[in-house]
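Note that the protein sequences, when read in sequence, are chains A and B.
Anchor point for the first sequence: position 135 equals 135 in the UniProt record's numbering, and the numbering is continuous, going up by one each time.
Anchor point for the second sequence: position 137 equals 137 in the UniProt record's numbering, and the numbering is continuous, going up by one each time.
Number of protein chains: 2
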Amino acid sequence: MSAAEVKVSKAFILQNPPLAEIDLTLGSETSTFKLVEQDIPELKEGQFLVKTAYLSNDPAQRTWIQRDADAARGYIPPVRQGDIMNAIAIGKVVDSKSSNYSVGDLVLGLFRWREHSVQDEKPAAGLPVTKINAIPGIHPSIFLGAFGTTGLTAFFGLTDILKLEKGQSIVISGAAGAVGSIAVQFAKHVIGASKVVAISGTEEKVQWLKKLGADVSLNYKHPEFKKQLDDATEGFVDAYFDNVGGEILDHMLTRVKQHGRIAACGAISVYNSLDSTHLPNYAQIITNRLILQGFIVIDYLPRYAEGIAALSSALQAGKLDVKDGETLVQAKFEDIPKTWGILFEGGNTGKLVTQIASLD
Amino acid sequence: MSAAEVKVSKAFILQNPPLAEIDLTLGSETSTFKLVEQDIPELKEGQFLVKTAYLSNDPAQRTWIQRDADAARGYIPPVRQGDIMNAIAIGKVVDSKSSNYSVGDLVLGLFRWREHSVQDEKPAAGLPVTKINAIPGIHPSIFLGAFGTTGLTAFFGLTDILKLEKGQSIVISGAAGAVGSIAVQFAKHVIGASKVVAISGTEEKVQWLKKLGADVSLNYKHPEFKKQLDDATEGFVDAYFDNVGGEILDHMLTRVKQHGRIAACGAISVYNSLDSTHLPNYAQIITNRLILQGFIVIDYLPRYAEGIAALSSALQAGKLDVKDGETLVQAKFEDIPKTWGILFEGGNTGKLVTQIASLD
């Protein structure tokens, strides 16, 4: 399709901002999202048209759509009822009235859940669209994963929040997820952790994480899981990289060393629930002088180059397996919400990416 | 009574280590504590006999007696079934075979809930008994409060954990308690906080905290409390000094600034409950990049002199009112548990001290 033919774009708007449960079916009154078609405005000077190819699926997107989300308490503007759902994506410039962006450029930005979008070379708010250079032999979707926000989240979580050092021990939950699978490898093979305990939710993930370098790989659905975790953390661990929150976080409050650190990176176990963050072991934070620190990778924007350099050099040294670290789903546009829902069912291994168009 | 006559000592042993509720009545099967009489052994070389006069009542004592408390997860050895209840106390040396401690010395240590105790000048475990020098015009019990662990907890919590600076804003819960009432005054009058919001549980405490310097003083039992707290923290606050945990902590997760700090100092609201630490706002820790840090004042032992110097100089400059900062209860030995229970009913203003004997 040539750019001149592009007059309308499919898009998903937020129909029902959720309080707790999400409904990813389409066409009902309770559906969280609604499929619409929108006219694409003519390009003005300084604007360019992006065709979206790959959508990043991130648990954090769930927090962006929370009903009555307080804009002052988020790190990007919340998605309100009637807004197009937001998402980080990779696309290609297919038309341009900008001198900075040319037709054919590979670009990364918050392109939202829509086929085409008009972007400004100097946006009024937020960051400019990023041009990316393809790496030979590596799929461009790596810029949504290992070399994108998820890889950088793993890197800064381990090095800056947890201050993990060679010879220290760590537990990583959501370990087969996008962030977790990079964190496991980086902690073991680059930092040189004495022990990496990985927690995931299927036997297949458990095996994969062993292959990636986890010293102990546990399935939280195993009936003896807590006992296994206690055994794996005998003598306690220096750090806990938390991607799940809830019950596993609570149990880890009893397994982190005195003066140990917890990186609060995600809480996927409780995003779709009103009331499951329940921490009977809360007092352990006091008696064992734990530091629980929340973080969001965009705060590290000024240090992204440092992170990408560390990840690239790990990749080149063969210490980072990124090819298996992605679940790429080719989906019809209509199936974007359903595909995003895989995140909350634990259906992905590594980064979950939705491909809705080709970059050709 | 001369030392030679002291042959037996009353003591309270832990009869039923609690899981949740405590039972401070005496003489029943479910009583948490049991009154006993114990023989006092003859002094050996290097030992001395202490008569206990003032008992420190601390919410943290509740964590020391938790059933099945893990010794590796505490900061002092747990009190087991049959052990004498532990407590920080002030007493007087009434007999001595030590060259370091003389009859008449005023001493501070973990003398437990008993009338008399034999102490070693070089204990096999733990810290040696501290000799203290009375301050003219000030009751010696100040060394259990403003110049003891509670004042130092306020000092290190504000300066080291919260890193509170002149011009910043802070909320302090349990503000009429021993730690809280020092924290309010030190934050306002010494550090120079722009706004100190104090939270307590009675109208009398609310008024007292205003007198101590709180800019806003709130009663958490007021039906409009959360709304009042939101108004008092408009634009959000830099720091939260948490002495209570539970629901107020949860609400404060929504009221601390992005990248703000929370000092997890106490959780009195949940100590006697199995399941009330419920944090529906947990994800705010992530999205707002909060740091929640637990601490215990004994970690600052090497820096106590610094803390006492800062508190003394505040006292001399008239910036610290310590005379009203104490609830001194003269009690019969039998009433020690009941008096300790006042802590959990919010019955004390400032430090709660039980006097069981005179220092004369």
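The C-beta atom is built at its ideal place from N, Cα and C for all residues, glycine as well.
Item, Value
"Going along chain E in order, which residues have a C-beta closer than 8 Å to the C-beta of L158/B?", "The structure shown contains no chain E; its protein chains are A and B."
"Check the Cβ-Cβ distances between P77/A and every residue of chain B, and say whether any is below 9 Å.", "no"
"Examine chain A for any beta-carbon lying closer than 9 Å to the beta-carbon of A283/B, and answer yes or no.", "yes"
"For T30/A, which of helix, strand or coil comes out of DSSP?", "coil"
"Is it buried or exposed, K188/B, if we count other Cβ atoms within 10 angstroms and call 16 or more buried?", "buried"
"Using a Cβ-Cβ cut-off of 9 Å, state whether Q61/B counts as contacting chain A.", "no"
"By alpha-carbon positions, which one of Y304/A, Q293/A, Q228/A ends up nearest to L290/B?", "Q293/A"
"Since V237/A and S269/A are thought to touch, with beta carbons under 8 Å apart, how far apart are those beta carbons, to the nearest angstrom?", "The Cβ separation is near 20 Å, so there is no contact."
"On a Cα-Cα basis, can you pick out the residue from V94/B, L14/B, L253/B that is closest to V50/B?", "V94/B"
"To the nearest angstrom, how far is the alpha carbon of K338/B from that of A71/A?", "48 Å"
"For the region 295-335 of chain A, which segments carrying the alpha helix (DSSP H) assignment without a break, of at least 4 residues, lie completely within its bounds, in sequence order?", "304-316"
"Between which two residues does the alpha helix (DSSP H) harbouring G246/B extend?", "246-252"
"Nearest to E165/A by alpha carbon, out of R261/A, K211/A, G341/A?", "R261/A"
"Run down chain B in chain order and give the residues with a C-beta less than 9 Å from the C-beta of R80/A.", "Here the premise fails: no neighbours, minimum Cβ distance about 17 Å."
"Going by beta carbon distance, what residues of the same chain come within less than 8 Å of F143/A, once the five residues before and after it are set aside?", "I90, L108, I132"
"Alpha helix (DSSP H) containing L152/B: first to last residue?", "149-156"
"Would you mind reading off the limits of the beta strand (DSSP E) that contains Q47/A?", "47-56"
"Leaving out five residues before and five after L26/A in sequence, what residues of the same chain have Cβ atoms less than 8 Å from its Cβ?", "F33, K34, L35, E334, P337"
"Please name the residue in K97/B, A178/B, Q119/B, V103/B whose C-alpha comes closest to that of F147/B.", "A178/B"
"With DSSP run on the structure shown, which of helix, strand or coil describes L162/A?", "coil"
"Looking at the C-beta of F295/B, does it have a partner C-beta in chain A at a distance below 9 Å?", "yes"
"Is it true that the CB of F295/B sits closer than 9 Å to the CB of A263/B?", "yes"
"How big is the Cα-Cα spacing for G82/B and P18/B?", "13 Å"
"Determine, for F186/B, whether the minimum Cβ-Cβ distance to residues of chain A falls below 9 Å.", "no"
"Tell me, please, whether the CB atom of T287/B is closer than 9 Å to any CB atom in chain A?", "yes"
"Taking 8 Å as the limit between beta carbons, can you name the residues of its chain near W64/A, skipping five residues before and five after?", "G74, I76, P78, V79, N86"
"State the beta-bridge partners of V171/B as determined by DSSP.", "V197/B, Y240/B"
"Starting from D360/B, trace the alpha helix (DSSP H) both ways and give me its first and last residue.", "Unbroken run through D360/B: none, as it is neither H nor E."
"Which residues share a DSSP beta bridge with T130/A?", "L108/A"
"Against H278/B, what residues of chain A qualify as contacts under a CB-to-CB distance less than 8 Å, listed in chain order?", "D275, T277, H278, L279"
"So, L152/A versus V184/A, is the Cβ gap smaller than 9 Å?", "no"
"Do L352/B and residue 365/B come within 9 Å of each other at the CB atom, strictly closer than that value?", "Lying outside 1 to 360, the shown extent of chain B, residue 365/B is not represented and no answer is given."
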